[in-house]
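Heads up: the protein sequence lines correspond to chains A and B, in order.
The numbering of the first sequence is my numbering, which starts it at 443 and goes up by one.
The numbering of the second sequence is my numbering, which starts it at 198 and goes up by one.
Right, one structure below, let's go through it.
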Amino acid sequence: MRERLLTGAAIIVLTVMLGLTLLPLGLMLYTSLKPAGTLTKQVSQVVIADFELGELNAIGGPMGVQATGASTVTKVFVPPQPEPRRNRVLALTYAREDGEARWWTRLAQDARKFEALEFLVRGEVGGESFTVDLVDPRGRRTSLPIQQYLRGGVRPTWMRVRIPMEHFSLALLTPGRTERTAEDLAFSFDGGAGTVYLDDVRLIFRQWTLSNYYDVMVSGPFGRYFFNSLVIALVITGANLLLSSMVGYAFARREFPGKRTMFLLILGSIMIPPQVMMVPIFILMKHLNWLNTYWALIVPSLTLPFNIFMMRQYITKLPLAIEDAARIDGASDLQIFFKVILPLSKPALAVVGINTFMGAWNTFLYPFLLTKTAEMRTLPVGLALYKSLQGVDWVHLMAGSSITAIPVIILFLCFQRYIIAGLTSGSTVG
Amino acid sequence: MKRRLAHLALISSVCCSALAVAAPAPAEEVTLEFWELSASEDVMRTLLDKFESQHPGIRVRLQQLSWDYGLDKIITAVAAGNPPDVCDLGTDWLPKFSSTGVLRDLTDDLAPLKDQHLLWEPVTYQGRLYGAPWLAGTRILFYNRELFAKAGLDPDRPPRTWDELREAARRIQGLGPGIYGFGLFVGEPYAPWQLFMPFAWGHGADVLSRDLTHCTLDSPAMIEAMDYYRSLIPYAIVDRQPEVNQLFANGKVGLQISGAWNFALIPQMNPTLNFGVGLLPRPSADRGAPASFAGGQDLVVFTASRHPREAVELVKFLIAEEQAMDIAKAQRNVVPTAKSSIENPYYASHPEQKLFFEQVAYAVAPPSHPKWVEMQEHLTRAVEEVLLNQRPSRDALGAAKARIEAIVAEPETHGRISDTAVMVGFGLAGLVLAVAGLVWTRRRFLAHRRRQGLAELATSYFFVAPWLVVFLVFGLFPLLHSIVISFSRYNLLSSQMSFVALRNYWEVLREPDFLRALWHTIAFAVGTIPFTMSLALFAAVLINRKIPFKSLYQAGLFLPVATSVIVIATIFTYLYSTDGLVNAVLAKLGWAAPSPSWLLNTRWALPAIMFMNVWASFGYYMVLFLAGLQTIPDALYEAAAIDGANEWQQFWNVTLPQLKPIVLLAVVINTIHTFQVFPEIFAMTQGGPLGATTTVVWYLYETGFHRFDMGRASAVGYILFLIIMGFSLIQMRCFRMGDEAGE
Chain A
443 MRERLLTGAA IIVLTVMLGL TLLPLGLMLY TSLKPAGTLT KQVSQVVIAD
493 FELGELNAIG GPMGVQATGA STVTKVFVPP QPEPRRNRVL ALTYAREDGE
543 ARWWTRLAQD ARKFEALEFL VRGEVGGESF TVDLVDPRGR RTSLPIQQYL
593 RGGVRPTWMR VRIPMEHFSL ALLTPGRTER TAEDLAFSFD GGAGTVYLDD
643 VRLIFRQWTL SNYYDVMVSG PFGRYFFNSL VIALVITGAN LLLSSMVGYA
693 FARREFPGKR TMFLLILGSI MIPPQVMMVP IFILMKHLNW LNTYWALIVP
743 SLTLPFNIFM MRQYITKLPL AIEDAARIDG ASDLQIFFKV ILPLSKPALA
793 VVGINTFMGA WNTFLYPFLL TKTAEMRTLP VGLALYKSLQ GVDWVHLMAG
843 SSITAIPVII LFLCFQRYII AGLTSGSTVG
Chain B
198 MKRRLAHLAL ISSVCCSALA VAAPAPAEEV TLEFWELSAS EDVMRTLLDK
248 FESQHPGIRV RLQQLSWDYG LDKIITAVAA GNPPDVCDLG TDWLPKFSST
298 GVLRDLTDDL APLKDQHLLW EPVTYQGRLY GAPWLAGTRI LFYNRELFAK
348 AGLDPDRPPR TWDELREAAR RIQGLGPGIY GFGLFVGEPY APWQLFMPFA
398 WGHGADVLSR DLTHCTLDSP AMIEAMDYYR SLIPYAIVDR QPEVNQLFAN
448 GKVGLQISGA WNFALIPQMN PTLNFGVGLL PRPSADRGAP ASFAGGQDLV
498 VFTASRHPRE AVELVKFLIA EEQAMDIAKA QRNVVPTAKS SIENPYYASH
548 PEQKLFFEQV AYAVAPPSHP KWVEMQEHLT RAVEEVLLNQ RPSRDALGAA
598 KARIEAIVAE PETHGRISDT AVMVGFGLAG LVLAVAGLVW TRRRFLAHRR
648 RQGLAELATS YFFVAPWLVV FLVFGLFPLL HSIVISFSRY NLLSSQMSFV
698 ALRNYWEVLR EPDFLRALWH TIAFAVGTIP FTMSLALFAA VLINRKIPFK
748 SLYQAGLFLP VATSVIVIAT IFTYLYSTDG LVNAVLAKLG WAAPSPSWLL
798 NTRWALPAIM FMNVWASFGY YMVLFLAGLQ TIPDALYEAA AIDGANEWQQ
848 FWNVTLPQLK PIVLLAVVIN TIHTFQVFPE IFAMTQGGPL GATTTVVWYL
898 YETGFHRFDM GRASAVGYIL FLIIMGFSLI QMRCFRMGDE AGE
């Protein structure tokens, strides 16, 4: 009964702690899937122009009319000045001859993030028609005739038009870049003359999107960054599992001259702030001709002080009895290390594995300093560059962070059972 | 000395250009190294491909850097004698570089272009040109049109004078709680003065006199500008620049002075914002100028470049309007420095970006004094003291003037012994030490050998060998090198090194800023370690019980550790901001939030970061403890249970003593980590507000990589090393480590 009560209390406490640790990270994942916004802000639509305020559109962008050749087009606000409690709309009067006649306004939005374009439209007599164009910064455009959505052109009564984004040929916009920038929205009038009234032009966001992840992945050779990080992290982790436990074993169990001094050196070497070592290490790597190679990123980390310390402390706690028993059975030192010590150290090895992989995977400073070409960059370096080049925009930053965190989490899930797996072997030891 | 260097540079450049003229076209292919800070790789590569096709025989290798981290890398490369041929530098870094003689004098190459480009002041040093203005960035006024309309202001007419600005801010501030008229910046090294100085420049005041020999911060015009600036406080939010940007994007701030990055950020953070732009206000309609801060990027050629002629070709190619325009279009946050760009059809259809071009004409660059980096800190401090501590303008400026005058007057100090002598000396000392070490080891070795067999010892060394080899090659050399540096005056940029013995240590220990940083660091360690340790131990013991979904809890609590510190810091900065989640929760509970908000509050900034540190790191130690708990035999608990010990007694008498080695490990590692706390500070407060979060490593970083005084920075590093070592030894003594290790 008492046991059960305590377990219950433990579960409640742990769940509260879990909630507190996961809250910020949940925000991270949630944000990474939004089309735009910040950690807590979600936007569902953008009103591009409702014509209520001043001369600019509702996101502060300019709007204007454009006519070439003998065509004409004029824009008038109705009423001309904003009046309280009265809706203001835009009236476009056009006469299309041999040139073009259009109205345009600035969007500067990534078209991939939107579900649809919506607006209210009415014609003076009915039957006026135009095409709806999205234009990229270099003037490339994709157009859709209004007749597809209003049979026979616009009508004398207000109609709401909804154009799904995928009807546009978005691939035509900003070719060669990942985002599909719709710089301007334009209404280009077809033949004839007339007046068209417009109101409430808006873009509707998609609910969720994976485009943030996609953007990050294609912003550079991310496959290559991923590969580099993986190679470096795996080699360092493997080496540490073996080498650091060897060294840790020696410090825990063996006597040799210089032991104390060496141990202080191991600890001391992580007490010096890495910023002090940046320049000397760079100069050393330059003389070794190791700049921009895997060697420079792997070899100095083959035996990490923390891991040696960890293994030493753990092996110290292992009972001497079985080791002695093995020695009496005639096992050599190497056999004892591989057959007795290592299997008993599974929990510690799991910790070493997780920590080393995590450290090597997330490390930024030296990969950044010691690499020169994109081919040698690691994931954190690629992401840091991406982040500071694009400005801290939440949705992409969070997507990038999720991408780096996921492999570590997977590795943790794989290794974590060994942390507790020691229980069984531990009990046989006792 | 400096003059001699300048002469040398001049002579060498003349020789080089003479040679270049005489030499025939390069027969074999030349590869230029080009480091660049801001345009994305694909845009830049397209331009470089074009350059390569126009200049057969020259290839360009591009290295992409970024504003946040670029400077460290450039300085390290320069210090190692390995800089690129052509490099992109921020205008504010330029004087520091040009004064050390590492940049090639480009006067003869660029003189013909002088009339075609803007912003030559930052690249000019002692009358010579050390770089080419490439892209300009400046600040303009952004305003919220919707709030303007609500406050009864004309949404298409931004304020043009100081009075109009204050009036607009006052009316918008009056719209209600949570709405702010204007944004004033504090809590960062640069943003505070970069926002204030345009008001002073527009009013005819400056920090230094024209000849850069004395400080003019106490001029009446400067004090008037500051008085005006402080009169905005009641109608403004006083916060860090990123927070103000965010509030503005969310429609909570009426007016803000900001850079062109807003054009990219607002559509991403809040695409629905209805905003307009305008020139900065001038003191009054008939007086002063709408001055702004001139930032931007310059291209430089390093003297170490082996292909200066080709490098200059690349510089000329990149600064030309056509190329710069491509970058400006793709990025939207810079404008070309080529004057002709204003006629470019792109700007005709983009009036809001053209406004930047108009503003650049009024942009003022900070004084091109090589020690400007140090001076600006004091300027920021003056601005922060006025905004945060309500200190009178005259006092704050007077104090800053005194400090800046001291910097102007401070001579370049060098030791008298040359670095060769130092190196030889240290080499000899190292040799003596090595011999002594060998002799000592041999004696110990022989003593041991009497007790143990040779094979036994060989096995021991075999086990230690992996660490020993790596340490001797990759640990020892940088270690000795950095110790040598800590005894020297070492300017990273000029690579001048001279031996000063213990002077760095002595000076650092007498520096009040360092002592304050040390105090903050100790407070940080003492205030986090007990919490981190007990939370981790608590969670580990709970998880180690037989509870369901064990691995879920274990993985969940570990998750923050798997996430990069920079990301966690970014998230927490947001949670701690004025309209962040923490304050929202406090308001729900009816508790008052501190004002100014957490990270800006000199009292709360450090505890807020400490809290985050505990949150982000306890999972790491929890996993250590979990592994350690597995070494405790169940039999011990069974025996205790038979003796009638309850859970608490079992924990106290069995778990804790048995876990001792792992607890020691965790405490020592946590001590090292907290004493070296840096990324959190870097990402959240940059040592501010008013130095309240300056830790030792941040102080070290600033000394080494902002002031380029690596000798002193290394001394700071070794002082910190000794302190950590002391703490760790005390901890080991407390845990009686020797006993358990059986030594």
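Each residue gets a CB set at the ideal place from its N, CA and C atoms; glycine is no exception.
Chain B within 8 Å of Q858 (chain A), Cβ atoms only: yes
V531 (chain A) (DSSP reduced to helix, strand or coil): strand
For I916 (chain B) and T482 (chain A), the rounded distance between their alpha carbons: 43 Å
Start-to-end residues for the alpha helix (DSSP H) that takes in R407 (chain A): A question about residue 407 (chain A) goes unanswered here, because the residues of chain A that appear run from 443 up to 872.
Span separating the alpha-carbon of I605 (chain A) from that of D641 (chain A): 15 Å
E581 (chain B) versus R588 (chain B) - alpha carbon distance: 9 Å
Residue ranges of each alpha helix (DSSP H) within the segment 836 to 889 of chain B, 4 or longer: 844 to 847, 857 to 872 and 876 to 881
First and last residue of the uninterrupted alpha helix (DSSP H) at E525 (chain A): E525 (chain A) -> no alpha helix (DSSP H), and no H or E assigned at all.
Contact list for the segment 257 to 269 of chain B against chain A, Cβ threshold 8 Å: R258, Q260, Q261, L262, S263, W264, D265, Y266 and D269
Cβ separation of G349 (chain B) and R325 (chain B), assumed to be a contact under 8 Å, to the nearest whole Å: Going by Cβ atoms, the distance from G349 (chain B) to R325 (chain B) rounds to 54 Å, so no, they are not a contact pair.
Cβ-based contacts, 9 Å cut-off: residues of the segment 282 to 296 of chain B near chain A: none
L627 (chain A) versus T228 (chain B): straight-line alpha-carbon distance, rounded: 44 Å
Residues near M719 (chain A) by beta carbon distance below 7 Å, same chain, minus five either side: none
Test item: CB-CB of S538 (chain B) and Q313 (chain B) under 8 Å: no
Beta-carbon separation (whole angstroms), S925 (chain B) vs V865 (chain B), contact threshold 8 Å: 5 Å
Minimum C-alpha distance to P356 (chain B) - residue among B:F445, B:D289 and B:G473: B:G473
Residue-level contact to chain B via CB, G479 (chain A), 8 Å cutoff: yes
Classification of E607 (chain B) by the beta-carbon crowding that lies within 10 angstroms, buried from 16 upward: exposed
Under 8 Å by beta carbon: chain A residues contacting L821 (chain B): M752 and V793
Inter-residue spacing [alpha-carbon to alpha-carbon] between S792 (chain B) and A579 (chain B): 20 Å
Contact the segment 268 to 283 of chain B vs the segment 690 to 710 of chain B: 3+ CB pairs below 8 Å: yes
Outcome for T870 (chain A) when other beta-carbon atoms lying within 10 angstroms are tallied against a minimum of 16: Reliability fails at T870 (chain A), whose pLDDT of 39 lies under 50, so the model's placement of it is uncertain and the value that follows must be treated cautiously. Answer is exposed; the Cβ neighbour count stays below 16.
Range covered by the alpha helix (DSSP H) that runs through C931 (chain B): M907 to C931
Option nearest N442 (chain B) by Cα separation, candidates B:Y771, B:Y327 and B:E704: B:Y771
From B:G267, B:V820 and B:A832, residue whose alpha carbon lies closest to that of A790 (chain A): B:V820
Near the ligand ATP: Y340 (chain B) beta-carbon under 7 Å from a heavy atom: Absence of the ligand ATP from the depicted structure is noted, as is the absence of any ligand whatsoever, leaving it without description.
Where I927 (chain B) falls, given that 16 or more other Cβ within 10 Å makes a residue buried: exposed
E570 (chain A), buried or exposed, once every other Cβ within 10 Å from all chains shown has been counted against 16: buried
Beta-carbon contacts of G842 (chain A) that lie in its chain and below 6 Å, excluding the five residues immediately before and after: V658 and L825
Spatial neighbours of Y322 (chain B) in its chain, beta-carbon cut-off 7 Å, leaving aside the 5 residues before and after: P292, S295, S296 and S565
Supposed close pair V532 (chain B), V557 (chain B) - CB separation, criterion 8 Å: 6 Å
Completely contained beta strand (DSSP E) runs for the segment 478 to 555 of chain B, where each covers 3 or more residues: 489 to 498
Every unbroken alpha helix (DSSP H) inside the segment 404 to 438 of chain B [4 residues or more]: 417 to 427
L350 (chain B), DSSP secondary structure in three states: coil
Exposed unless 16 or more other CB atoms sit within 10 angstroms - verdict on N530 (chain B): buried
Proximity test, Cβ basis, 8 Å: K526 (chain B) and chain A: yes
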